[in-house]
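Asker: Protein chains in written order, with this note's numbering: chain A, 1 to 319; chain B, 1 to 277. For each residue, glycine too, the CB sits at the ideal point set by N, CA and C. These numbers come from a predicted model, not from an experiment.
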Amino acid sequence: MTSTQSRPAIAATGLRKSFGDHVVLDGLDLNVARGTVFSLLGANGAGKTTTVKILSTLLGADAGDAQVAGHDVAREPDAVRAAIGVTGQFSAVDKLLTGEENLRLMADLHHLARGEGRRRAARLLEQFDLTEAARKPASTYSGGMLRRLDLAMTLVGSPQVIFLDEPTTGLDPRSRRAMWQIVRDLVAGGVTIFLTTQYLDEADELADRIAVLDRGRVVAEGTAEELKRRIPGGHVRLRFADPQCLDAAVAVLDESSRDNDALALRVPSDGSLRSLKTLIGRLDDRAIEVEELSVRTPDLDDVFLALTGNPTREKVTTR
Amino acid sequence: MSAPALTGPAPASLRFHPLRDSATMLRRNLKRMLRYPSMTVMLVGMPVVFLLLFVYVLGGTLGAGLDGTADIGAAAGRAAYANYVAPAIILMTVAATVQGTAISIAMDMTEGIITRFRTMHIARVSVLTGHVLGSVIQAVFSLVVVIGVALLVGFRPTAGPAAWLATAGFLVAVTFALVWLSVALGQVSRSVETASNLPMPLVLLPFLGSGFVPTDSMPAGLRWFAEYQPFTPIIETLRGLLMDEPIGNNAWIALAWCAVIALVGYLWSKRLFNRES
Numbered sequence: 001m002t003s004t005q006s007r008p009a010i011a012a013t014g015l016r017k018s019f020g021d022h023v024v025l026d027g028l029d030l031n032v033a034r035g036t037v038f039s040l041l042g043a044n045g046a047g048k049t050t051t052v053k054i055l056s057t058l059l060g061a062d063a064g065d066a067q068v069a070g071h072d073v074a075r076e077p078d079a080v081r082a083a084i085g086v087t088g089q090f091s092a093v094d095k096l097l098t099g100e101e102n103l104r105l106m107a108d109l110h111h112l113a114r115g116e117g118r119r120r121a122a123r124l125l126e127q128f129d130l131t132e133a134a135r136k137p138a139s140t141y142s143g144g145m146l147r148r149l150d151l152a153m154t155l156v157g158s159p160q161v162i163f164l165d166e167p168t169t170g171l172d173p174r175s176r177r178a179m180w181q182i183v184r185d186l187v188a189g190g191v192t193i194f195l196t197t198q199y200l201d202e203a204d205e206l207a208d209r210i211a212v213l214d215r216g217r218v219v220a221e222g223t224a225e226e227l228k229r230r231i232p233g234g235h236v237r238l239r240f241a242d243p244q245c246l247d248a249a250v251a252v253l254d255e256s257s258r259d260n261d262a263l264a265l266r267v268p269s270d271g272s273l274r275s276l277k278t279l280i281g282r283l284d285d286r287a288i289e290v291e292e293l294s295v296r297t298p299d300l301d302d303v304f305l306a307l308t309g310n311p312t313r314e315k316v317t318t319r
Numbered sequence: 001m002s003a004p005a006l007t008g009p010a011p012a013s014l015r016f017h018p019l020r021d022s023a024t025m026l027r028r029n030l031k032r033m034l035r036y037p038s039m040t041v042m043l044v045g046m047p048v049v050f051l052l053l054f055v056y057v058l059g060g061t062l063g064a065g066l067d068g069t070a071d072i073g074a075a076a077g078r079a080a081y082a083n084y085v086a087p088a089i090i091l092m093t094v095a096a097t098v099q100g101t102a103i104s105i106a107m108d109m110t111e112g113i114i115t116r117f118r119t120m121h122i123a124r125v126s127v128l129t130g131h132v133l134g135s136v137i138q139a140v141f142s143l144v145v146v147i148g149v150a151l152l153v154g155f156r157p158t159a160g161p162a163a164w165l166a167t168a169g170f171l172v173a174v175t176f177a178l179v180w181l182s183v184a185l186g187q188v189s190r191s192v193e194t195a196s197n198l199p200m201p202l203v204l205l206p207f208l209g210s211g212f213v214p215t216d217s218m219p220a221g222l223r224w225f226a227e228y229q230p231f232t233p234i235i236e237t238l239r240g241l242l243m244d245e246p247i248g249n250n251a252w253i254a255l256a257w258c259a260v261i262a263l264v265g266y267l268w269s270k271r272l273f274n275r276e277s
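Here it is in C-alpha cells:
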C-alpha cells in the first residue's frame, strides 16, 4: 500500500446520479487528502447520502469516476470495501445482540483471531465508554450510545478511510461533543474522515476542508476560514440604555444601521483590535454610554446562505 | 488512543472466506433466535395446533371416510387419520419455519446492519447462508417437537431405522429448498408484514394436495392441480417412508422439485441481495 500513500484518500470527478428524472448528483468533484477531515456540508436532499453511498460501493454512479484509498469504486469494489468503514445516518447495529456481541461479530467478520477479537472489542468498549452496557442488548441503548457502538463497530477493522454520514443528527449536545472528540482522536491516529453534516458549526469545528453541496454540485470548497473570508458580514453590535444614547451614537457613527426596538446599533467592522479601539475612542469622546458591545464575524451560516441562496434556508439547522 | 488506521492488518489479502463468514453469520442468527423466542414458539405452535385440530376435531369423521368404505367408528377413524395426516403436518412444520425465515430476513433488511455488511469486505452470500443454515437448524428443532406430539396423539409410523434416516435426510432437503425460496420472498417484500404473508401459500399448499384427504375425492380441476403440485409427491414420499408404503417414483419427482426450488430460490436471492439499495 506504500505506493498509494501519496495519492488522495478520495478522488471523484464528474459524479452523476439520478433517480428517475430527479437529478441528485450533477457532476460532483471531490479531492480529499489522506489523514484529514473533509466535510460535505449541505441541506437535506442536497445529495450528501447519495455521495456516501457511491463512494462506499453501495450505489453505482450514472457517470463519473471515483477512487477511494487508491481503488476505483466501480471496478474494484472489494478492494475499496477492505479499506473503508461506514457509519451511516441510521444505526447499523444488531439490536438483538449486546454491544460486546456486535463488536465480536465485526471481529469475526474481519477474521481476527479469537483472543485478538476479544481484546479489540474490550478496548473499543472502554474507549467509547460502553463497558458498563457491554452485556446489555443494543435495543436498550440510548441514541448516543448506539451511535458510539456503531462507530466502534466501524473501527474494529481498522479502516483507512471512514465515512460518517451525519454522525450527530439527533444527538443531545453532550453526546455530540463526545462524538466530536472521538473524530478528533481518530484523525490524530492517521485516518481519513469523510464527514457529511447539515450542521455548520460541526463542519467548522472538525473539518480541515469543507465543500458546500447544493443541488448535487459543490458550490464552494476550502477551509472554514477561506469560506468565511469570501463573504462580508462582520460587524460590531452596540446596545444602549436609552434612546438618547442611541441617537447620539448614530450621529457619530456613519454607515451604522439602527434597531430601535432593541436599542441597538450594527456597525460594520472587521473585528480587529485597531478598529475596535477607534470605535470605542469615538464613543468615549462624546461620552456616550454603551451598555453592551459584541463582535460578530461571519460564520458558516452566512457563508451557506450567501452561497446557496434562500430556498434551502428552512432546511438548514443551525444549532 | 491508539492509531487504528495504521496498526491493523493490511488489507492486502482480498481473499474471501465464505465458509468462515457463513459460520459467523450462523452464530449471529442462532443468537437472534434465542433472544426472540416468541417467534420459535409461534412457528412450532402453529403445526401443533393444526395437528390437534385435525386429529381430535375432524379426525373421527375424516378417518372413517379414508377408505371410502364402511363405518369403522370414531376412535378407529381417528387413529387411522392420525397416521394419514401426520406427513402433511410435518410438511406444514417446514412451511411454518420458512415463513419465519422470510420474516427474519425482512426484519434484517430493514435494519442498518445489512447495509453495513454490504460495505464490508466479506463473502456477501454468507449473510444469506447464515439465515439458511439457521432456519434448517430451527426446522429440525420444530420437526422433533411436532413429530413427538404426533406420536403422543396416536401417530404410529412403521418405519425402521433406515427409513427414519431417509426421512430425516429427505426433510432436510425439502427444508433447504423451501428456505432458499423464502430467503428470496423475504427480500422481495418491502415490509415485515408482507414477508409474513408471502410464504402463506406454502402453508396452504398441503391442503390442495394429498395432505389432508386423498386427491381422488376432489373435483376434477382441483384434483389435477393437487396431483401435479410439488407438495403432493413430497407428502407421498414422506407417507411411504414413515408408513412403509410403496413410494413409486414420487421420491424422484419430489427431489427434482426440491432441486428446482432450491436453485431458483438461490439465484433469485443472490440477485436480490446484490441489487442496489
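Output needed in chain order: residues of the segment 50-73 of chain A with a Cβ under 9 Å from some Cβ in chain B.
Answerer: 53, 56, 57, 58, 59, 60, 69
Asker: Within the 9 Å Cβ cut-off, does residue 193 (chain B) reach chain A?
Answerer: no
Asker: Taking only beta-carbon atoms, is residue 7 (chain B) less than 9 Å away from chain A?
Answerer: In this prediction, residue 7 (chain B) scores a pLDDT of 37, lower than 50, which makes its location untrustworthy; the coordinate-derived value is nonetheless stated afterwards. Output row for residue 7 (chain B): interface = yes.
Asker: Are residue 200 (chain B) and residue 126 (chain B) close, meaning C-beta to C-beta below 9 Å?
Answerer: no
Asker: Assuming residue 141 (chain A) and residue 133 (chain A) form a contact by the criterion Cβ under 8 Å, report the distance between their Cβ atoms to the nearest whole angstrom.
Answerer: Confirmed, Cβ separation roughly 6 Å.
Asker: Counting only Cβ pairs nearer than 9 Å, list the residues of chain A close to residue 131 (chain B).
Answerer: Near residue 131 (chain B) there are no residues of chain A at all, since even the closest Cβ is about 13 Å away, more than 9 Å.
Asker: Which whole-angstrom value describes the C-beta separation of residue 241 (chain B) and residue 159 (chain B), a residue pair presumed to lie in contact below a C-beta threshold of 8 Å?
Answerer: About 6 Å separates the beta carbon of residue 241 (chain B) from that of residue 159 (chain B), a gap short enough to meet the 8 Å contact definition.
Asker: Could you tell me which residues DSSP puts in a beta bridge with residue 292 (chain A)?
Answerer: A:239
Asker: Does residue 89 (chain A) come out as helix, strand or coil in the three-state DSSP assignment?
Answerer: coil
Asker: Can you find a C-beta in chain D that's less than 9 Å from the C-beta of residue 167 (chain B)?
Answerer: Among the protein chains in the structure shown, which are A and B, there is no chain D.
Asker: For residue 187 (chain B), does the three-state DSSP call read helix, strand or coil?
Answerer: helix
Asker: Short check: CB of residue 275 (chain A) to CB of residue 266 (chain A), under 9 Å?
Answerer: no
Asker: Under 7 Å between beta-carbons, which chain A residues line up against residue 119 (chain B)? List them in chain order, please.
Answerer: At a beta-carbon threshold of 7 Å, the residues of chain A lying near residue 119 (chain B) are 56, 57, 58, 81, 84, 86, ordered along the chain.
Asker: Compare the C-beta of residue 13 (chain A) against all C-beta atoms of chain B and say whether one is closer than 9 Å.
Answerer: no
Asker: Should residue 270 (chain B) be flagged as near chain A, meaning a C-beta pair shorter than 9 Å?
Answerer: no
Asker: By Cβ distance below 7 Å, which residues in the same chain neighbour residue 286 (chain A) in space, the five residues on each side in sequence not counted?
Answerer: 248, 252
Asker: Based on DSSP bridge pairs, tell me the residues matched to residue 270 (chain B).
Answerer: Answer by DSSP bridge pairing: none, since residue 270 (chain B) is not bridged.
Asker: Would you check if the segment 217-226 of chain B and the segment 133-146 of chain B touch, i.e. whether three or more CB-CB distances between them fall below 8 Å?
Answerer: no
Asker: For residue 246 (chain A), which of A:283, A:111, A:91, A:212 has the nearest alpha-carbon?
Answerer: A:283
Asker: Where do the N-terminal and C-terminal ends of the alpha helix (DSSP H) with residue 139 (chain B) fall, by residue?
Answerer: 125-152
Asker: Identify whether residue 80 (chain B) lies in helix, strand or coil by the three-state DSSP scheme.
Answerer: For residue 80 (chain B), the three-state secondary structure derived from DSSP is helix.
Asker: Tell whether a beta-carbon distance below 9 Å holds between residue 234 (chain A) and residue 115 (chain B).
Answerer: no
Asker: Are any of the Cβ atoms in chain B nearer than 9 Å to that of residue 26 (chain A)?
Answerer: Residue 26 (chain A) does not count as touching chain B.
Asker: Given a limit of 7 Å on CB to CB distance, which residues of the segment 16-41 of chain B reach chain A?
Answerer: The segment 16-41 of chain B vs chain A, Cβ under 7 Å: 17, 20, 21, 24, 28, 31, 32, 35, 36.
Asker: So, is residue 236 (chain A) buried or exposed, given that buried needs 16 or more other C-beta atoms within 10 angstroms?
Answerer: buried
Asker: Quick one: Cα of residue 203 (chain B) to Cα of residue 168 (chain B), how far?
Answerer: 20 Å
Asker: Look up residue 98 (chain A) in the DSSP assignment and say whether it is helix, strand or coil.
Answerer: strand
Asker: Using 8 Å for Cβ pairs, my map puts residue 202 (chain A) next to residue 168 (chain A). What's the rounded Cβ distance?
Answerer: 6 Å
Asker: Could you check whether residue 35 (chain A) and residue 190 (chain A) sit closer than 9 Å to each other, using their CB atoms as the reference points?
Answerer: Against a cut-off of 9 Å, the Cβ pair of residue 35 (chain A) and residue 190 (chain A) comes out as a contact.
Asker: Is the Cβ of residue 93 (chain A) closer than 9 Å to any Cβ of chain B?
Answerer: yes
Asker: If we call anything under 9 Å between Cβ atoms a contact, is residue 193 (chain A) one with residue 164 (chain A)?
Answerer: Their beta carbons are under 9 Å apart, which means residue 193 (chain A) touches residue 164 (chain A) by this criterion.
Asker: For a cutoff of 9 Å on Cβ pairs, would you count residue 101 (chain A) as touching chain B?
Answerer: yes
Asker: Can you tell which of B:191, B:117, B:143, B:195 has the C-alpha that lies nearest to the C-alpha of residue 182 (chain B)?
Answerer: B:195
Asker: In terms of alpha-carbon separation, which member of B:59, B:150, B:28 lies closest to residue 86 (chain B)?
Answerer: B:150
Asker: Between residue 177 (chain B) and residue 224 (chain B), what straight-line distance do the alpha-carbon atoms span, to the nearest angstrom?
Answerer: 24 Å
Asker: At the level of alpha carbons, what is the spacing between residue 138 (chain A) and residue 124 (chain A)?
Answerer: 15 Å
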